[in-house]
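Chemist: The structure is given below, and queries will be raised subsequently.
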Amino acid sequence: MNITQHEPQNNNEYRGVLIIGETERGNMHRVAYELLNKGRGIADACGENLSCLVLSTENSGCEELCKRGADQVYLMKSPVFAAPEEVLFASNITAFIREKKPAVVLIGATHFGRSLAPRIAAALETGLTADCTDLRIDEEGNLEQIRPAFSDNILAHIKTINRPQMATVRYKEFREALPDENADIRIQEIPPYIAEYPDVTIEKIISIGDMDITDAEVVVAGGRGIKRQEDLALLWELAQVLGGQVGVSRALVDAGMASSNIQIGYSGSRVKPKVYIACGISGAPQHLAGMKESDLIIAINNDPSAPIFAVSDYGFIGDLYEIVPRLTERFRKKGGCHEV
Amino acid sequence: MNIIVLIKEVPDMEKVKFDSERGVVDRSSAPAEINPFDESALQAALDLKERYGAFVRVLTMGPPQAKESLGDAFARGADDGILLTDRKFGGSDTIATSRTLAAAIEQETYDLILCGEKSVDGDTAQVGAETAELLGIPHAYYVDSIELADEGRVRVTIENLCGNRQQRTMKLPALVGVTKNIGKLRLPSVSRKLESITKEFKTIGLENLPALSKEDTGFPGSPTKVAKIEVPSVEERESQIFREDSNAFESKLEEIFTERGIIS
Amino acid sequence: MKYNNITPQLVQNLQEAIGGDYVITGKERIEAYLFDEVEKTYRPEAAYDSIVVKPKDTAEVSQIMKLSDQYQVPVIVRGGATGLAGGCTPVVDSIIISMERMNQIEEIDAENMVAVLQAGVTLMDLLEELEHYQRLSFPVHPGDEGAQMGGMAVTNAGGARAVRHGVMRKHILGVEAVLPNGEVLLLGGKLIKNNAGYNLTQLLLGSEGTLAVITKIILKIFPKDQASATIVAPFAGIKDACHAVTDILQSGYTPLAVEYMDKRLFVDTAEMMGLKWQAQEGSADLLIILSERTQAQLYDAVKAIHEICERNNCLECLYAGKEKEQEELLLVRSQHYELIKDEICDSFDMAVPVSHVSDFILNLKKLVKEYDTDTNIVAHIADGNVHNDILYLPDGTIPAYADELKHKMYELCASYDGTVTGEHGIGKIRTQELSDLKKPAELELMKGIKKVFDPKGLMNPGTLFEVE
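In structure tokens, the structure reads:
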């Protein structure tokens with residue numbers, strides 16, 4: 092086991108905020124812009140630098156990171172970063188952190204980020220707080236990491252006694268930092284520390300299309316009130332005229348009526364669309380955890396006492412099988428703003 | 003092949019009640035169960051056992067009563083179980099938990115370690131990858147299919163990594179975190195269930211783990227500290243509820259959707 | 047009997063009595079209040095010129111009854127409308143009393159283990175309320191938790207759990223009832239023993255709304271069991287399965303429920319739901335649901351019942367201990383209807399002594415073969431209560447032999463000293479069967495009782511007996 096006993100750390104050696112930028116199909120994942128927004132605030136509060144590390148095959152979007160607030164971007168460029176693999180990425184990032192000693196490391200809680208960050212934390216023997224919803228600096232200059240726990244029943248404020256202080260943040264948790272066209276562009280290209288890891292061989296990359304429900308501006312979601320799998324078509328029709336996606340509550344996934352890819356809730360995806368239409372969803376805490384941050388929440392349920400109404404802006408007490416087709420018809424006539 | 007399945011006992015999250023005044027979970031309010039994602043890991047192990055032949059050992063860290071979950075796993079076809087339990091393990095954060103698990107795993111023979119992609123109570127998804135790092139072995143998360151490949155490797159398919167499915171092979175030993183899609187835990191037979199009630203499992207405490215010092219585990223071994231627990235105020239929206247009059251509801255939506263640029 | 051139409055004057059009086067918001071008129075709006083869950087093809091023909099009223103309390107019910115009496119317009123009481131006998135469908139123009147607003151849980155008396163409920167409280171409301179008490183529950187479960195307590199009382203509802211807990215009438219200690227002339231009676235009370243005169247409470251239970259309106263119920267509640275499990279026990283054939291059932295009943299390890307369904311219904315329903323039915327072998331599967339005070343008692347019962355099944359040549363039995371796993375099995379059992387509902391044109395609720403149930407089922411299957419058709423069997427098998435059906439022809443029409451086949455099924459049932467309805471009731475769809483089943487003397491007594499309560503025949507006409 093690689094438990095290496097380090098000398099007691101001198102926390103003062105660690106300075107600045109480091110953000111790990113992730114590229115997805117050649118583009119910078121937008122969670123990086125959100126991290127820059129939060130990271131900038133933290134760096135300013137400490138009077139320290141905000142830097143970004145990107146592992147990529149090309150110079151993908153590094154300038155944009157500078158425009159959106161990074162004082163310095165490090166681009167570790169190599170063909171070996173063509174496809175994501177945890178050991179190779181983590182060992183390079185770990186080596187970089189050992190050298191640069193940032194006080195704070197922020198990583199987007201994407202699939203890859205959630206898989207990668209713990210390896211780095213374990214290698215550095217430091218703490219890692221998952222899925223923070225807020226980050227702030229306390230009076231002593233420590234990072235206070237705030238995360239919901241137990242299906243959002245509590246907010247835990249967590250501090251890390253070691254350095255760096257590492258946290259992951261869910262996509263769409265913070266607002267994006269806005270670009271400043273006049274910002275200084277400071278990009279430094281560096282070679283990888285470790286350029287191969289033969290124990291893992293990537294055989295195939297299969298595109299899964301743009302089905303990401305977390306990006307949808309409108310989500311029409313169905314729950315227990317949907318009686319049969321075919322009936323989800325009613326929701327798809329409404330989603331289509333509104334240019335949106337269909338999501339489901341856990342009940343439908345558990346009943347085998349829908350895939351967990353489109354499950355919304357604590358154990359599924361968290362979404363924050365402009366409009367969320369909950370059809371036949373009672374609003375268990377598990378589900379609310381995944382959608383209550385939506386800009387506008389509309390609930391349709393035949394149970395007036397359904398908790399979903401308490402978190403909704405507009406509600407209709409009635410049969411979704413009647414009202415949903417009526418809405419579809421009405422908005423089809425209006426024509427959605429979106430090509431479908 | 004020797005497979006170790008990491009399982010965590012969690013409260014049934016749909017049932018568990020929360021004491022918002024004290025900021026704690028009332029664990030007596032809901033039965034404990036195997037973390038649903040770990041159930042899928044167990045099923046994946048049982049499927050591999052059926053296909054290739056394997057010795058499946060489940061490992062859990064928790065209070066003494068967590069042996070119930072080992073019994074459940076045994077009933078469903080696991081060959082054996084190990085319970086890591088010690089008051090000195092209490093208060094472990096993810097890295098301290100991972101160190102403790104890694105120390106126990108190092109004492110066993112293993113080719114493949116399986117776990118669920120996350121736990122429903124902690125939801126950090128960190129322990130698997132941290133354990134793999136500490137053991138110095140590769141890992142993959144979000145895996146929905148596993149098969150053996152040549153040259154002592156395992157082939158896995160990852161559901162989504164950076165927007166793509168990815169198929170990779172990893173040299174064994176390796177750790178694989180699975181999604182629920184890999185399979186649903188099957189029911190045990192009644193006979194095996196009855197057998198499991200009296201089944202005993204090996205219990206390991208700190209003194210049985212020479213590689214681990216008491217500074218590595220439990221509260222002392224945890225670099226993250228909970229500074230404060232806060233009960234968030236529930237954001238109640240100003241709900242406007244329509245009943246029966248669907249026209250008024252439709253018109254309101256039309257108005258607000260137009261205002262917000264959802265429809266033209 | 048001559049009934050009057052609903053006049054504007056009556057409507058106005060009703061509006062004055064209970065408020066204009068709660069009087070619903072117009073064919074389109076009342077349509078939602080006309081039917082229960084009987085298959086469309088066998089629904090009684092509804093009287094669309096009826097009117098719906100939604101009283102908030104007993105006093106308002108009493109006023110409605112007085113108006114019904116004064117105008118000689120019949121009254122139908124509508125609960126959760128989960129019935130399967132057309133009981134809440136008006137067949138002459140009627141005042142439909144929808145009980146939904148009378149949904150107050152008036153008291154949970156934990157000391158006496160009694161609940162006092164308004165009739166419109168749904169089973170779901172009650173179970174949710176009892177959740178707050180942790181140690182309390184109510185066992186009778188007709189399948190649909192939207193059922194209201196008043197409806198469950200007047201139909202004497204049963205359901206799967208009758209094996210252990212019997213049917214609704216076992217648990218009702220008293221009721222508040224409004225007679226057709228508007229008089230309010232309180233019958234029974236929170237008493238376990240009560241031997242004063244005829245038991246009118248029990249007379250109202252199972253009366254299907256033909257005698258009085260039940261507005262309040264005093265219900266026995268029970269300590270909650272702490273441990274439960276469901277065994278899936280497959281057998282090579284139904285004879286072995288049924289023999290195991292009678293052995294289990296004799297053993298004293300009484301299950302909460304024992305459910306049987308044709309194997310293909312388990313397999314195909316599970317598939318429809320995206321699941322896999324795990325008992326692959328065998329052709330007759332039992333779901334044996336156990337519920338005990340403690341885990342240790344549960345394991346004892348599992349062991350004993352498993353041994354009985356083994357003695358009766360069961361194949362490998364499966365164990366569902368987690369609540370979610372048990373719920374999933376039950377869901378497969380209850381969702382089978384979604385699978386077959388478009389295939390069936392009539393369905394039945396016969397019950398025979400439990401010792402005859404395997405012969406009854408085998409002979410039903412044999413009988414339908416003569417007509418070159420099939421029948422789906424679903425049974426609360428330890429109660430001898432069998433639900434089977436007649437299928438449409440492949441072209442979707444009702445077969446010409448439907449009536450003949452039905453009567454042959456009833457004859458078969460009668461040959462085992464069975465009944466035409468175990469739990470769903472006579473309602474409006476089995477009145478002929480009732481008069482065929484009962485001796486004239488018994489029928490006359492029933493009609494006499496009806497006359498004592500309801501001399502003008504205004505309560506739910508067409509139920510139990512044809513409209514004269």
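Protein chains in written order, with our numbering: chain A, 92 to 431; chain B, 3 to 266; chain C, 47 to 514. Glycine included, every Cβ here is placed at the ideal spot set by N, Cα and C.
Taking a Cβ distance cut-off of 8 Å, strictly less, list which residues of the segment 307 to 321 of chain C are near chain A, in chain order.
Modeler: M319, G320, L321
Chemist: Jot down the residue ranges of each uninterrupted alpha helix (DSSP H) in the segment 143 to 212 of chain B, minimum 4 residues, whole runs only, in chain order.
Modeler: 192 to 199
Chemist: Between P301 of chain C and I335 of chain C, what straight-line distance do the alpha-carbon atoms span, to the nearest angstrom?
Modeler: Taking the first residue of the third sequence as position 1, residue 301 of chain C is located at position 255. Taking the first residue of the third sequence as position 1, residue 335 of chain C is located at position 289. P301 of chain C and I335 of chain C have their C-alpha atoms some 6 Å from each other.
Chemist: Whole alpha helix (DSSP H) runs in the segment 170 to 241 of chain A with 4 or more residues, listed along the chain?
Modeler: 177 to 191, 202 to 215
Chemist: How is C117 of chain B classed by DSSP in three states: helix, strand or coil?
Modeler: Working through the second sequence from its first residue, we reach residue 117 of chain B at position 115. In the structure shown, C117 of chain B adopts extended strand secondary structure according to DSSP, grouped into three states.
Chemist: Report the rounded CA-to-CA distance for T224 of chain A versus A240 of chain A, giving the unit in angstroms.
Modeler: What you label residue 224 of chain A is simply residue 133 of the first sequence in a count that begins at 1. What you label residue 240 of chain A is simply residue 149 of the first sequence in a count that begins at 1. Distance between the alpha carbons of T224 of chain A and A240 of chain A is about 11 Å.
Chemist: For a contact defined as C-beta to C-beta under 9 Å, what are the partners of E384 of chain C on chain A?
Modeler: Residue mapping note: residue 384 of chain C aligns to position 338 of the third sequence, counting from 1. Per Cβ cutoff of 9 Å: K318, R319.
Chemist: Using the C-alpha atoms, what's the distance from D82 of chain C back to R319 of chain A?
Modeler: Locating residue 319 of chain A in the first sequence gives position 228, where the first residue counts as 1. Locating residue 82 of chain C in the third sequence gives position 36, where the first residue counts as 1. For R319 of chain A and D82 of chain C, the distance between alpha carbons rounds to 21 Å.
Chemist: Just tell me which of C:P445, C:E356, C:K370 has its CA closest to the CA of H389 of chain C.
Modeler: Working through the third sequence from its first residue, we reach residue 389 of chain C at position 343. First, the residue type needs correcting, since residue 389 of chain C is Glu and not His in the sequence shown. The candidate whose alpha carbon is nearest that of E389 of chain C is C:P445.
Chemist: Kindly list the residues whose CB is nearer than 7 Å to the CB of S100 of chain B, restricted to its own chain and excluding five residues on each side of it in sequence; keep chain order.
Modeler: The residue given as residue 100 of chain B occupies position 98 in the second sequence. Cβ neighbours of S100 of chain B beyond the five flanking positions: V129, E132, T133, L136.
Chemist: Does the beta-carbon distance from A80 of chain B to V12 of chain B come in below 8 Å?
Modeler: As a position in the second sequence, residue 80 of chain B is number 78, starting the count at 1. As a position in the second sequence, residue 12 of chain B is number 10, starting the count at 1. No; because the gap between Cβ atoms is not below 8 Å, this pair is not in contact.
Chemist: Using only the alpha-carbon positions, how far apart do V362 of chain A and L375 of chain C sit?
Modeler: Here residue 362 of chain A refers to the residue found at position 271 of the first sequence. Here residue 375 of chain C refers to the residue found at position 329 of the third sequence. Roughly 32 Å separates the two Cα atoms.
Chemist: Count the CB pairs spanning the segment 55 to 67 of chain C and the segment 90 to 109 of chain C that are closer than 8 Å, and state whether there are at least three.
Modeler: yes
Chemist: 8 Å is my cut-off, CB to CB: does V557 of chain C come that close to chain B?
Modeler: Nothing can be reported for residue 557 of chain C: it is not among the residues displayed for chain C, which extend from 47 to 514.
Chemist: Give the single residue among B:L114, B:A213, B:N183 whose Cα lies nearest to the Cα of N352 of chain A.
Modeler: Position 261 of the first sequence, counted from the start, is the residue given in the question as residue 352 of chain A. Ranking B:L114, B:A213, B:N183 by Cα distance to N352 of chain A puts B:N183 first.
Chemist: What separation, rounded to the nearest whole angstrom, lies between the Cα atoms of N51 of chain C and Y117 of chain C?
Modeler: By 1-based counting over the third sequence, the position of residue 51 of chain C is 5. By 1-based counting over the third sequence, the position of residue 117 of chain C is 71. Whole-angstrom Cα-Cα distance: 9 Å.
Chemist: Can you check the segment 9 to 39 of chain B for any alpha helix (DSSP H) of at least 4 residues that lies completely inside it and give the ranges in chain order?
Modeler: Taken in chain order, the complete alpha helix (DSSP H) segments of 4 or more residues contained in the segment 9 to 39 of chain B number zero; there are none.
Chemist: Cβ atoms of T168 of chain C and G126 of chain C: under 8 Å apart, would you say?
Modeler: To locate residue 126 of chain C, count along the third sequence from 1; it is residue 80. To locate residue 168 of chain C, count along the third sequence from 1; it is residue 122. A contact, by the Cβ cut-off of 8 Å.
Chemist: If we require 3 or more residues per run, which beta strand (DSSP E) segments fall completely within the segment 103 to 171 of chain A?
Modeler: 108 to 112, 141 to 147, 163 to 168
Chemist: Under 8 Å, do G130 of chain A and L215 of chain A count as touching if we go by C-beta distance?
Modeler: Taking the first sequence and counting its residues from 1, the one referred to as residue 130 of chain A is at position 39. Taking the first sequence and counting its residues from 1, the one referred to as residue 215 of chain A is at position 124. Against a cut-off of 8 Å, the Cβ pair of L215 of chain A and G130 of chain A comes out as no contact.
Chemist: Which chain C residues are close to A346 of chain A, counting only those with a beta carbon under 8 Å from its beta carbon?
Modeler: As a working mapping, residue 346 of chain A is identified with position 255 in the first sequence. The contacting residues are M319, G320, L377.
Chemist: Under 8 Å between C-beta atoms, does I258 of chain B make it to chain C?
Modeler: Numbered from 1 along the second sequence, position 256 holds the residue referred to as residue 258 of chain B. False, the Cβ-Cβ gap to chain C never drops below 8 Å.
Chemist: Hey, out of C:R124, C:G283, C:G197, whose CA is closest to I361 of chain C's CA?
Modeler: Against the third sequence, residue 361 of chain C aligns to sequence position 315. Correcting the residue identity first, residue 361 of chain C is Leu in this sequence and not Ile. Checked all of C:R124, C:G283, C:G197; the closest Cα to L361 of chain C is C:G283.
Chemist: Shorter than 8 Å from the beta carbon of H97 of chain A to some beta carbon of chain B?
Modeler: Translated into positions along the first sequence, residue 97 of chain A becomes position 6. Because the pLDDT of H97 of chain A is 49, which lies under 50, any placement of that residue in the model is unreliable, and the question is left without a value.
Chemist: In three-state terms, what does DSSP make of C459 of chain C?
Modeler: Position 413 of the third sequence, counted from the first residue, corresponds to residue 459 of chain C. Residue state, collapsed to three classes: helix.
Chemist: Please check if any C-beta of chain A sits within less than 8 Å of the C-beta of N51 of chain C.
Modeler: In the third sequence, counting from the first residue as 1, residue 51 of chain C sits at position 5. Answer no: the Cβ-Cβ gap between N51 of chain C and chain A never drops below 8 Å.
Chemist: Look up N409 of chain C in the DSSP assignment and say whether it is helix, strand or coil.
Modeler: To locate residue 409 of chain C, count along the third sequence from 1; it is residue 363. Note: N409 of chain C maps to helix in three-state DSSP.
Chemist: Exposed or buried, which one is Y143 of chain B when buried takes at least 16 other CB atoms within 10 Å?
Modeler: Translated into the one-based positions of the second sequence, residue 143 of chain B becomes position 141. Buried, because 16 or more other Cβ atoms sit within 10 Å of the Cβ of Y143 of chain B.
Chemist: My understanding is that A258 of chain C touches S297 of chain C, with C-beta atoms under 8 Å, so please give their C-beta distance in whole angstroms.
Modeler: Against the third sequence, residue 258 of chain C aligns to sequence position 212. Against the third sequence, residue 297 of chain C aligns to sequence position 251. Going by Cβ atoms, the distance from A258 of chain C to S297 of chain C rounds to 42 Å, so no, they are not a contact pair.
Chemist: Closer than 7 Å by C-beta to H429 of chain A: which residues in its own chain qualify, once you throw out the five before and the five after it? Chain order, please.
Modeler: Counting from one through the first sequence, the residue named residue 429 of chain A turns up at place 338. Any reading at H429 of chain A must be qualified, since the residue scores a pLDDT of 43, below 50, and its modelled position is unreliable; the value itself is stated next. Hits under 7 Å: G334.
Chemist: Given a threshold of 16 other Cβ atoms within 10 Å of its Cβ, counted over all protein chains shown, does E514 of chain C qualify as buried or as exposed?
Modeler: On the third sequence, residue 514 of chain C is found 468 positions in, with the first residue counted as 1. With fewer than 16 other Cβ atoms within 10 Å, it is exposed.
Chemist: In chain order, what are the residue ranges of uninterrupted alpha helix (DSSP H) at least 4 long that sit wholly in the segment 213 to 287 of chain C?
Modeler: 246 to 250
Chemist: Which complete alpha helix (DSSP H) runs does the segment 345 to 392 of chain A hold, if anything under 4 residues is left out?
Modeler: 376 to 382
Chemist: Measuring straight from C-alpha to C-alpha, what distance separates G118 of chain B and L187 of chain B?
Modeler: Taking the first residue of the second sequence as position 1, residue 118 of chain B is located at position 116. Taking the first residue of the second sequence as position 1, residue 187 of chain B is located at position 185. Their backbone Cα atoms lie some 12 Å apart in a straight line.
Chemist: Can you find the residues in the same chain that come closer than 7 Å, C-beta to C-beta, to K2 of chain B, ignoring five residues on each side of it along the sequence?
Modeler: Chain B is shown from 3 up to 266; residue 2 of chain B falls before or after that span and cannot be answered.
Chemist: Work out the CA separation of L437 of chain C and D418 of chain C for me, nearest whole Å.
Modeler: For this step, residue 418 of chain C is matched to residue 372 along the third sequence. For this step, residue 437 of chain C is matched to residue 391 along the third sequence. Distance between the alpha carbons of D418 of chain C and L437 of chain C is about 11 Å.
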